[in-house]
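Residues in the sequence shown are numbered from 2 upward in steps of one, following the working numbering. Ideal Cβ placement from N, Cα and C applies to all residues, glycine included. Quick caveat, the model's predicted, so the values are computed rather than measured. Heads up, the thing below is written out as structure tokens.
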Amino acid sequence: MPLDAPPQFEHGHISPNLIVENAIMRVMNDATQPQQDWRLQGHIRNQSNSPLEEIKCDVSYFAPDGTFLGLDMTNFYELDKMDPGESAPIDIHLKMPLHTVRCVMNIHSKKKSHNLEGALNDYLDRLDAVSKERDRKAEGVE
Numbered sequence: 002m003p004l005d006a007p008p009q010f011e012h013g014h015i016s017p018n019l020i021v022e023n024a025i026m027r028v029m030n031d032a033t034q035p036q037q038d039w040r041l042q043g044h045i046r047n048q049s050n051s052p053l054e055e056i057k058c059d060v061s062y063f064a065p066d067g068t069f070l071g072l073d074m075t076n077f078y079e080l081d082k083m084d085p086g087e088s089a090p091i092d093i094h095l096k097m098p099l100h101t102v103r104c105v106m107n108i109h110s111k112k113k114s115h116n117l118e119g120a121l122n123d124y125l126d127r128l129d130a131v132s133k134e135r136d137r138k139a140e141g142v143e
């Protein structure tokens with residue numbers, strides 16, 4: 002979508018678990034098509050002490066009078082989790098509605114629950130041990 006001037010870009014709500022590094026909006030031109038594609042690119046880094054999961058980004062679009070025009074949502078991080086200190090690229094194709102003058106990026110994340118996962122793994126390990134013990138007794142091996 003060709004624009005006379007690039008829209009204003011700002012950070013909205015960014016998860017306190019993440020830090021956004023070098024986020025920019027840029028125009029990408031396809032040599033085979035005359036249209037311009039806007040992309041949001043940069044990096045995010047897990048600044049918490051825990052792995053993160055369900056990392057999602059949305060970019061909201063606003064008109065000159067502040068009217069909400071729509072949004073794009075994405076799960077831009079494809080791995081099951083993002084470990085502490087790990088960084089990942091952001092590359093989102095922006096489909097800005099006509100009359101967009103402001104874009105607001107929000108990024109959400111959840112800390113991976115070690116307690117529930119650890120408890121479940123411990124429980125399954127205990128079930129396995131009980132099952133093996135029962136099988137040994139059934140075979141007459143003590």
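Boundaries of the beta strand (DSSP E) in which residue i is found, first to last residue
i   : result
G71 : F69 to T75
P90 : S88 to L95
A24 : L19 to N30
L41 : Q37 to N47
Environment of residue i [buried if 16+ CB atoms lie within 10 Å]
i   : result
T68 : exposed
P98 : exposed
V28 : exposed
I25 : exposed
N18 : buried
One or two residues paired with residue i in a DSSP bridge
i    : result
V105 : E11 and S61
G141 : Looking at the DSSP assignment, G141 forms no beta bridge with any residue, so it has no partner.
K112 : L53
Cα-Cα separation, residue i to residue j
i    : j    : result
K57  : L125 : 31 Å
S51  : A89  : 16 Å
G86  : R46  : 6 Å
S132 : L95  : 54 Å
W39  : A130 : 56 Å
A6   : R103 : 11 Å
S16  : L53  : 11 Å
D92  : V60  : 12 Å
Presumed contact (8 Å Cβ cut-off) between residue i and residue j, rounded CB distance
i   : j    : result
I20 : Q48  : 5 Å
H12 : M106 : 6 Å
E55 : K111 : 5 Å
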